[in-house]
Amino acid sequence: MSNATTTPAISTVGVPREVKNSEHRVAMTPDGVRELDRAGVAVMVETGAGDGASISDDDYVTAGATIVPTAADVWAQQMVVKVKEPKPEEFEYLREDLTLFTYLHLAAYPAVAEALLAAKTTSVAYETVQLSDGSLPLLAPMSEVAGRLAPQMGAHFLERHKGGRGVLMGGVPGVSPAKVVVLGAGNVGWSSAVIAAGMEAEVTVLDKNLERLRYVDQIHKGRISTLASNQGSIERTVAEADLVIGAVLVAGGRAPVVVSDDLVRSMKPRAVIVDVAVDQGGCIATTRETTHEDPVYELHGVVHYAVGNMPGAVPHTSTYALTNATLPYQLDVAVHGALGAARRSASIAHGLNTVGGHHANAIVAESLGATAVDPLA
Ligand SMILES: NC(=O)C1=CN([C@@H]2O[C@H](COP(=O)(O)OP(=O)(O)OC[C@H]3O[C@@H](n4cnc5c(N)ncnc54)[C@H](O)[C@@H]3O)[C@@H](O)[C@H]2O)C=CC1
Ligand SMILES: CC(=O)C(=O)O
Numbered sequence: 349m350s351n352a353t354t355t356p357a358i359s360t361v362g363v364p365r366e367v368k369n370s371e372h373r374v375a376m377t378p379d380g381v382r383e384l385d386r387a388g389v390a391v392m393v394e395t396g397a398g399d400g401a402s403i404s405d406d407d408y409v410t411a412g413a414t415i416v417p418t419a420a421d422v423w424a425q426q427m428v429v430k431v432k433e434p435k436p437e438e439f440e441y442l443r444e445d446l447t448l449f450t451y452l453h454l455a456a457y458p459a460v461a462e463a464l465l466a467a468k469t470t471s472v473a474y475e476t477v478q479l480s481d482g483s484l485p486l487l488a489p490m491s492e493v494a495g496r497l498a499p500q501m502g503a504h505f506l507e508r509h510k511g512g513r514g515v516l517m518g519g520v521p522g523v524s525p526a527k528v529v530v531l532g533a534g535n536v537g538w539s540s541a542v543i544a545a546g547m548e549a550e551v552t553v554l555d556k557n558l559e560r561l562r563y564v565d566q567i568h569k570g571r572i573s574t575l576a577s578n579q580g581s582i583e584r585t586v587a588e589a590d591l592v593i594g595a596v597l598v599a600g601g602r603a604p605v606v607v608s609d610d611l612v613r614s615m616k617p618r619a620v621i622v623d624v625a626v627d628q629g630g631c632i633a634t635t636r637e638t639t640h641e642d643p644v645y646e647l648h649g650v651v652h653y654a655v656g657n658m659p660g661a662v663p664h665t666s667t668y669a670l671t672n673a674t675l676p677y678q679l680d681v682a683v684h685g686a687l688g689a690a691r692r693s694a695s696i697a698h699g700l701n702t703v704g705g706h707h708a709n710a711i712v713a714e715s716l717g718a719t720a721v722d723p724l725a
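Numbering (our numbering), first residue to last: 349 to 725.
1) Suppose only complete runs of 3+ residues qualify. What are the beta strand (DSSP E) ranges in the region 379–403, listed by chain order?
2) With DSSP as the reference, label Y653 as helix, strand or coil.
3) Is any heavy atom in ligand 1 found nearer than 7 Å to the beta carbon of Q628?
4) Below 8 Å CB to CB, which residues in the same chain sit around S581 once its five sequence neighbours on both sides are set aside?
5) According to DSSP, is L597 helix, strand or coil?
6) What number of angstroms, rounded off, separates the C-alpha of A401 from the C-alpha of T665?
7) Assign Q579 to one of two classes, buried (16 or more other C-beta atoms within 10 Å of its C-beta) or exposed (fewer than that).
8) Near A503, what residues of its chain come up, given a Cβ to Cβ distance below 6 Å and the 5 sequence neighbours on each side ignored?
9) For G660, is the classification buried or exposed, using 16 other Cβ atoms within 10 angstroms of its Cβ as the cut-off for buried?
10) Have a look at the DSSP bridge pairing and note the partners of T470.
11) Nearest to V391 by CA position, among A725, D399 and R382, is which residue?
12) Using a threshold of 8 Å, state whether the C-beta atoms of A599 and V626 are closer than that.
13) Return the first residue and the last residue of the alpha helix (DSSP H) that M490 is part of.
14) With distances taken between CB atoms, is the gap from S524 to A498 smaller than 8 Å?
15) In chain order, which beta strand (DSSP E) runs of at least 3 residues are fully inside the region 575–636?
16) Which residues mark the beginning and the end of the beta strand (DSSP E) in which D406 is found?
17) Ordered along the chain, which non-local residues of its own chain (more than five positions away) have a Cβ less than 7 Å from that of G705?
18) Rounding to the nearest angstrom, what Cα-Cα distance links T635 and P417 in this structure?
19) Could you give the residue range of the beta strand (DSSP E) that holds Y645?
20) Check whether the Cβ of Y451 lies closer than 7 Å to any heavy atom of ligand 2, and answer yes or no.
21) Span of the beta strand (DSSP E) holding V551?
22) Which residues does DSSP pair with H703 in a beta bridge?
23) Does ligand 3 have even one heavy atom less than 7 Å from the beta-carbon of N657?
24) Terminal residues of the continuous beta strand (DSSP E) containing L531?
25) From G649, V721 and G630, pick the residue whose C-alpha is nearest to that of K616; which is it?
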């Protein structure tokens, strides 16, 4: 029962069941439902939406949600909170008086951008909500998950019967460990490096940001090597690697391609690439998105893993990690409306991706060859 003292700008929120391949996360937990309910916002959850994260319809009902039978019922609400970008079968639900709050990664999914613009939907992307220090609070938890998963996936596909070189991450006494090269020392890269080092691989992390490398070096002295990233250092390390993990990001923009087709050709036969940055288009020239069901392909003799929703593999952990971060923002957007919340918070203003048929984030727009219009002007 609501005890809100003011009327929220958005009074109904829908939580759909995710439809992306093997995506079992859900965008709100029962604790989130309770917080929204306290703010006077009614939450409609599609039946079964929480199954993959081991949250039952009854758990949601106990927290105050209404369970609705179809995706159409959920999408009919004033705001929809999701995990992944809308898929083509969801485009029909987009409309002008809808606020959509989810991961969008429009630089990698231009068709989604076109659908949002054509429908004039107000969209807020988790991955471009940005704090004043440049950090991305709604991307960070999933980057930590994907970063920790990447060496696990790499180790699996390095096994010979999975197509890899047959190299054990930690080696054994008398035999060298795997050489792991991590491109980018941000949340994904650092998490990957820590786990790979924990598996006793030989780990090198490259980044353009020397301050970040100093930080990593101070904490992991001797266990993780750091290298300034440039074409030469990338060419030398990647050519020698057993496992390359791609983790570079320019917030909102298409990922810079730091490994060329030729460099992939020069890699050791049956080496493995895990390009986590695939959701922003990938930082390896030979990357194309794969799915949890069919996660790898071989090109130039190298095994490529490029799943765009890696945290979906561990939906229980990921749902709680994601919603811990998103809930305060979901509340703000519901209570004040997307534009109202953006006026109050520059971080949320960065999150606006499309408003009224126009791009609202300059970097995202530029990556798609378009121009943004400031929705707050
Ligand atoms: N596939 C998946 O399921 C997931 C993918 N991601 C993606 O992983 C990527 C990395 O995310 P985060 O680590 O959170 O970003 P971050 O912003 O924390 O780190 C990115 C790092 O890349 C570095 N960088 C940028 N350009 C570079 C260059 N040319 N050479 C070397 N380093 C460069 C930056 O200095 C920064 O340290 C993003 O594209 C993100 O969307 C994140 C979570 C899940
Ligand atoms: C960040 C992202 O793409 C994911 O968690 O699926």
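The C-beta atom is built at its ideal place from N, Cα and C for all residues, glycine as well.
Result, derived from the coordinates:
1) 390–394
2) strand
3) yes
4) In the same chain as S581, and ignoring 5 residues on each side of it, the C-beta atoms closer than 8 Å to its own belong to L554 and L575, in chain order.
5) coil
6) 8 Å
7) Taking all protein chains in view, the Cβ of Q579 is surrounded by fewer than 16 other Cβ atoms within 10 Å, so the residue is classified as exposed.
8) M517
9) buried
10) Paired residues: T447.
11) Checking every option, the nearest Cα to that of V391 belongs to R382.
12) No, the Cβ-Cβ distance between A599 and V626 is not below 8 Å.
13) A488 to L506
14) no
15) 591–594 and 620–623
16) Following the DSSP letters along the chain, one finds D406 in no beta strand (DSSP E) but inside the alpha helix (DSSP H) bounded by residues D405 to A411.
17) The residues are L465 and K468.
18) 38 Å
19) Note, Y645: beta strand (DSSP E), V644 to L647.
20) yes
21) E550 to D555
22) Sequence inspection shows Val at residue 703; the His mentioned does not correspond to that position. According to DSSP, V703 bridges with H706.
23) Of the ligands one can find in the structure shown, namely ligand 1 and ligand 2, none is ligand 3.
24) Per DSSP, L531 belongs to the beta strand (DSSP E) from K527 to L531.
25) G649
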